[in-house]
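Data block below; observations after.
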Amino acid sequence: MRAGLSTGKALLAIVGGILVLVLAQVIASLIYLVPFPHPVSIVLYYLLYIALAYLGVKLLSERILKLSLQECRIHRPRAAARWLLCAVTLPVAVSAILLCLPGEFIPGNMDAGETALIIVTAIVGTGLGAGIVEEMIFRGIIMKSLELRWGKTVAIWVPSVIFGLIHAIGAGLNAADLLLLFVGGTSVGIMFSLIVYRSGSIWSSAIVHAVWNIVMIGDILHIGTKPVENVILSYKLTLDSTLLTGGNFGVELSAAAIAGYWSVIAVIIYLSKKRSTQPLNMPTSLR
């Protein structure tokens with residue numbers, strides 16, 4: 066078994082991981098200096114962003130922290146059917162609950178080209194770009210480093226708290242919103258962490274993360290208290306309840322969403338405990 070990391074290297078994993086995230090975005094944005102058609106530039110930006118982040122994570126893990134990508138659970142892309150089912154069920158269930166709240170549908174004035182661009186951006190950028198990169202960094206290199214230094218409990222909680230709070234940057238949130246972000250952001254981080262531990266791969270959490278982003282914040286169907294331009298279809302909630310609507314941050318912090326995160330967490334904990342009580346001669350699988 067590998068010996069634990071030093072405190073310095075564990076902290077370096079946090080700082081270095083976030084630095085990789087920022088630098089990958091900055092360098093990838095240089096693609097916009099090339100006069101490609103706008104849709105092409107968007108796709109190239111996100112593909113370059115993913116590639117640069119992967120190279121940065123690989124350099125940080127193998128050259129500096131002396132951890133292989135496999136140790137950080139960054140294997141070849143794969144996700145079992147159960148996580149694909151979870152990826153679809155979670156946002157669909159949360160959206161269905163939110164659509165039962167008082168509100169009105171507002172169609173967007175999109176032509177075919179604009180609609181196609183929104184869908185492509187949702188899949189490639191909001192979904193795959195954010196899902197893959199954030200999971201490689203937070204549930205890959207950072208979580209593994211903290212696990213080696215302080216154990217699984219710290220490895221689950223610390224990246225989850227950081228993951229939640231980092232989304233407050235530039236969001237213009239008040240105190241109530243920040244509290245909700247701490248609770249909701251940490252909850253979804255814990256969910257992603259447990260998915261990785263249960264499946265043994267960041268790709269399982271990446272697919273759940275990506276599909277969630279595509280459905281909930283991909284501008285295909287926007288649910289919120291304020292109408293938003295450049296979306297295919299909006300559902301404007303007409304009630305004034307921070308708890309039910311997620312406040313100024315949005316429905317990802319709504320009671321329905323947080324309940325969804327903890328429902329997945331509860332199922333994973335139940336399955337893990339059930340597996341641990343099975344006789345040793347019974348074949349089981351984490352995936």
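Quick note on this note's numbering: the sequence shown kicks off at 66 and runs consecutively. Where is the CB? At the ideal position from N, CA and C, for every residue including glycine. Just so we're clear, the structure is a prediction, and the values are computed from it rather than from any experiment.
If we count Cβ pairs, one from each stretch, closer than 8 Å, do we get three or more for the segment 309-318 versus the segment 238-253?
Taking 8 Å as the limit for Cβ pairs, the verdict is that the segment 238-253 does touch the segment 309-318.
In whole angstroms, what is the alpha-carbon distance linking Ser133 and Thr290?
Roughly 45 Å between the two C-alpha positions.
Taking three-plus beta-carbon pairs below 8 Å as touching, is the segment 216-228 in contact with the segment 121-133?
The segment 216-228 is not in contact with the segment 121-133.
If you reduce the DSSP assignment to three classes, tell me which class Leu77 lands in.
Leu77: helix per DSSP, three-state reduction.
In whole angstroms, what is the alpha-carbon distance linking Trp148 and Ala331?
If you take the alpha carbons of Trp148 and Ala331, they lie about 15 Å apart.
Can at least three beta-carbon pairs, one atom from the segment 243-258 and one from the segment 220-234, be found at a separation below 8 Å?
The answer is yes - the segment 220-234 touches the segment 243-258, with three or more Cβ pairs under 8 Å.
State the DSSP-derived secondary structure class of Asn346, mapped to helix, strand or coil.
Model confidence at Asn346 stands at a pLDDT of 45, short of 50, so the residue's coordinates are unreliable; what they give is reported in the following sentence. Asn346 falls in the coil class under three-state DSSP.
Determine the DSSP secondary structure at Glu212, reduced to helix, strand or coil.
Here Glu212 sits in helix by DSSP.
Using the Cα positions of Gly265 and Ile79, report the straight-line distance between them to the nearest angstrom.
Roughly 21 Å separates the two Cα atoms.
Ile188: which of His274, Gly168, Trp268 and His140 sits nearest, CA to CA?
Of the candidates His274, Gly168, Trp268 and His140, the one whose C-alpha sits nearest the C-alpha of Ile188 is His274.
Label Leu95 either buried or exposed according to how many other C-beta atoms from any shown protein chain fall within 10 Å of its C-beta, with 16 as the threshold for buried.
Exposed is the call here.
Which runs of the alpha helix (DSSP H), 4 residues or longer, sit entirely within the segment 190-253?
Counting whole runs of 4 or more residues, the segment 190-253 contains the alpha helix (DSSP H) stretches 195-199, 208-215 and 217-231.
Using the Cα positions of Leu70 and Leu124, report the straight-line distance between them to the nearest angstrom.
The alpha-carbon atoms of Leu70 and Leu124 are separated by roughly 17 Å.
Residue ranges of each alpha helix (DSSP H) run of no fewer than 4 residues wholly in the segment 157-190, ordered along the chain?
List check, alpha helix (DSSP H) in window: 177-186.
What residue range is occupied by the uninterrupted alpha helix (DSSP H) comprising Tyr97?
Per DSSP, Tyr97 belongs to no alpha helix (DSSP H) and is neither H nor E.
So, is Glu212 buried or exposed, given that buried needs 16 or more other C-beta atoms within 10 angstroms?
Glu212 should be labelled buried.
Kindly indicate which residue of Val99, Ala93, Leu298 and Trp327 has the alpha-carbon position closest to the one of Glu169.
Per the Cα distances, Leu298.
Please report the residue range of the beta strand (DSSP E) in which His287 lies.
Where His287 is concerned, the enclosing beta strand (DSSP E) stretches over Leu286 to Gly289.
By how many angstroms is the C-alpha of Lys339 removed from the C-alpha of Pro348?
Unreliable placement is indicated for Pro348, whose pLDDT of 39 sits below 50; the coordinate value is still reported in the next sentence. For Pro348 and Lys339, the distance between alpha carbons rounds to 13 Å.
CA-CA distance, Leu308 and Val157?
Between Leu308 and Val157, the C-alpha separation is close to 19 Å.
Distance, Cα to Cα, Pro167 vs Ser306?
Roughly 11 Å separates the two Cα atoms.
Just mark Leu345 as buried or exposed, buried being the case when its beta carbon has 16 or more other beta carbons within 10 Å.
Caution applies to Leu345, whose pLDDT of 42 falls short of 50 and renders its modelled position unreliable; the value that the coordinates give is listed next. Flag for Leu345 reads exposed.
Can you list the alpha helix (DSSP H) stretches of 4 or more residues lying completely in the segment 99-159, in chain order?
If we require 4 residues or more, the alpha helix (DSSP H) runs fully inside the segment 99-159 come out as 103-124.
Please confirm whether Val198 and Val108 have their CB atoms less than 9 Å apart.
No; because the gap between Cβ atoms is not below 9 Å, this pair is not in contact.
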